[in-house]
Each structure stands twice: as C-alpha cells, then as structure tokens.
Amino acid sequence: MIEYLTRNKLDIIKYDQCIARAVNSHVYAYSWYLDSVCDDWDALVAGDYNMVMPLPKRRKFGINYVYVPPWTQQLGVFSKEELNESTVVAFLKAIPRKFKFVELKLNSANAIFSKKISQKDNYILSLDADFQTIVKNYNHNRRRISGTIPENIFLERNLDSGEFLTFYKRERPQFTIPQDADEKLEQLVKHRKSGVNIWAVYRGGELLSTLLWLKDRQRITYLLPVNSAAGKKANTATYIINHLVEEYENTGLIFDFEGSMLTGVAGFYKSFGARKETYYHFRSYRL
0 MIEYLTRNKL
10 DIIKYDQCIA
20 RAVNSHVYAY
30 SWYLDSVCDD
40 WDALVAGDYN
50 MVMPLPKRRK
60 FGINYVYVPP
70 WTQQLGVFSK
80 EELNESTVVA
90 FLKAIPRKFK
100 FVELKLNSAN
110 AIFSKKISQK
120 DNYILSLDAD
130 FQTIVKNYNH
140 NRRRISGTIP
150 ENIFLERNLD
160 SGEFLTFYKR
170 ERPQFTIPQD
180 ADEKLEQLVK
190 HRKSGVNIWA
200 VYRGGELLST
210 LLWLKDRQRI
220 TYLLPVNSAA
230 GKKANTATYI
240 INHLVEEYEN
250 TGLIFDFEGS
260 MLTGVAGFYK
270 SFGARKETYY
280 HFRSYRL
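So that you can map any letter, position 274 of the sequence shown is 273 in numbering that gives the first Met the number 0, and since no number is skipped, the others follow by simple counting.
Next comes the structure, spelled out in structure tokens:
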C-alpha cells in the first residue's frame, strides 16, 4: 500500500535510510536537502519505508500543486530494490487529487512512457578507475587543455559560504535564475551539511572560480560552477573537475555533471568521457 504522509508525520530516520540505501539514491531526496530548497514537502511511502517519493508542494491562488524546487535535478520514486514501470505509475496515481497540477523530474530509474513525460539528458562519469585511466578517455582537446592550465593557480577546498555567495552574485548576470532560487541557495550553503562542499580557484589573491558540489554515498554532484572571465580564460573549470576526479578515483562513485540539454554544455561534459543518462520530466494538469 502507498500512503501519503505530510512532512510532520514522516519518520525522518526511516525516510533518510531509504534514500541512503536506495539503488537509485540521489542527494536531492534527503530530508535535509529538501528542507533547504523546498517551500514545503510531503511524501508517498510504501511498506516500512521500502519505497518513498518526496512531493515538493506549494499553494498559490488557493490551488495546491507539486512543483520542481530549485537545485534539484532528479526526484521521483526511490527504492531499495530495482523499480519497474508499473510501480512508478502506481506512485504517480497515488498523488492526492488535492494537487491540481503536478510537475516532477523523475530520476533515471523511473522510466515510464506517457504523453505527460519528456526525456531529459544528464551526463555521468564512473570513478571506478585510477585518474590516469579516466583521463585517457577524455577527448583530445580536453586532454590538451588539462596539460596547459597555468601553474600559478591554486585550489582552496573549503571556501567560506559568504565569499561564495558574494562571488556568485557578482558573476551570475549570465544566469537566468529566479529570486526564490537565490534564496534557497543561500539556505543550502549557510546551513552547510557534511555533503555540501565549496571549492575555489585563486591566482594570487584573485578569485577566479568556485564550485558548489555535493557528495553522498553514490554520487559526486557538480551542482553550481561559477567562473569569472579570467577563470574561463584560465580553464579553471577543467582544473577543478580534474582535482575532483583525482580525489575520488577508484571509489566507484558516479561523477554527476547534472545536465545538460544545451549542446555546448553537453559537449563540455562529454569531453571528459561522460556518458548520457536519461531522466524524465512529468507534468499533469488535474483541474
């Protein structure tokens, strides 16, 4: 049986244990992460928390709806065992009818085929080999760039949250990010949990680039890179990625690039030898 539980009725310990042990675990689904980036959320639960489905929710103009929170690429059904299409469909049907609009980005293990679904591209890189072996699978241009990064830059592995946010706000004009996403980002970095990390690249005293990245039991998630013009020229994005890959070589973790449907961005991720992973964007109008 699938049961709908509001946030305050959930057994959070069992809920988080389900996410941690799920075969398709994602950091976005942990309670601490959802508490940071959602206005509010509930969940569907099957059995003794053997399967769960978080439901980020809002209410506007008297209408309750399920929405996609900022900084969350994949949610959906999480399970300790492999999922099939009928189980995912059963969860979607169990979403209470009080939600008149439902929009969810379902994770890659939630494959279903419906007119309400559009497929999205993500790129992932397995860290199951040593760094030099992984680099051999970079494309020629990425290997060349990796060998030409200036020697006078250095990596800071624990940038202050305030410095990160200041740099982000200064360098983000190229981003079209809603105000509420900025607010949720501040909550996420100011309440730095153990899985939230901020790295930075400097040249002398000049901050060139920052990276907000997440670590859980299965993935390294490349959440938010920010680069100045000088950082782009110095190829600091490649520099940071190389350091992350080298740090977690031979771990079996997945380096999750978190996108993208944009050709240029996807090409950048593929240049590191990343392979495509499909996830699913679900929309349902129930008025």
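We treat Cβ as the ideally placed atom computed from N, Cα and C, and that holds for glycine.
Would you grab the beta carbon distance between residue i and residue j for me? Rounded to a whole angstrom, and I think it's under 8 Å.
| i | j | result |
| --- | --- | --- |
| ALA180 | PRO69 | 4 Å |
| ASN226 | THR237 | Not a contact, Cβ separation roughly 11 Å. |
| ASN140 | SER270 | 6 Å |
| ALA19 | ARG216 | 6 Å |
| LEU210 | TRP198 | 5 Å |
| TYR284 | PHE60 | Not really, about 15 Å apart at Cβ, beyond 8 Å. |
| THR86 | VAL36 | Not confirmed; about 26 Å, so no contact. |
Hey, how far is the Cα of residue i from the Cα of residue j?
| i | j | result |
| --- | --- | --- |
| THR5 | ARG274 | 37 Å |
| VAL65 | GLY75 | 12 Å |
| GLU248 | ASP127 | 7 Å |
| TYR201 | ASN151 | 9 Å |
| LEU9 | ARG58 | 20 Å |
| GLY251 | LYS79 | 19 Å |
| ARG282 | ASN136 | 37 Å |
| TYR268 | HIS242 | 15 Å |
| LYS97 | GLU84 | 24 Å |
| SER113 | GLY203 | 54 Å |
| LYS119 | LYS104 | 9 Å |
| PHE77 | GLU205 | 42 Å |
| GLU170 | LEU222 | 16 Å |
| VAL134 | ILE176 | 33 Å |
| ALA28 | ASN7 | 16 Å |
Buried or exposed: where does residue i fall if 16 or more other Cβ atoms within 10 Å of its Cβ makes it buried?
| i | result |
| --- | --- |
| ARG191 | exposed |
| ASP159 | exposed |
| GLY230 | buried |
| ALA45 | buried |
| ALA228 | exposed |
| GLN131 | exposed |
| VAL26 | buried |
| LYS183 | buried |
| ALA220 | In the sequence as displayed, the identity of residue 220 is Thr instead of Ala. Label assigned to THR220: buried. |
| SER193 | exposed |
| LEU82 | buried |
| SER117 | exposed |
Using 8 Å as the Cβ pair cut-off and three pairs as the minimum, do the segment 48-66 and the segment 9-16 touch? With the cut-off at 8 Å, the segment 48-66 and the segment 9-16 touch.
Are three or more beta carbon pairs between the segment 248-258 and the segment 112-126 nearer than 8 Å? Yes: the two stretches touch, three or more of their Cβ pairs being nearer than 8 Å.
Every unbroken alpha helix (DSSP H) within the segment 228-266, with a cutoff of 4 residues, ordered by chain: Counting only runs of 4+ residues, the alpha helix (DSSP H) found wholly inside the segment 228-266 occupies 228-232, 235-246, in chain order.
Inter-stretch contact at 8 Å, needing at least 3 Cβ pairs: the segment 205-220 / the segment 83-91: No, the segment 205-220 is not in contact with the segment 83-91.
What ranges does the beta strand (DSSP E) occupy inside the segment 196-230, keeping only unbroken runs of at least 3 residues that lie completely in it? Fully enclosed beta strand (DSSP E) runs of 3 or longer: 205-214, 218-226.
Of all the beta strand (DSSP E) runs that stay within the bounds of the segment 103-167, which reach a length of 3 or more residues? Listed in chain order, they are 116-125, 152-155.
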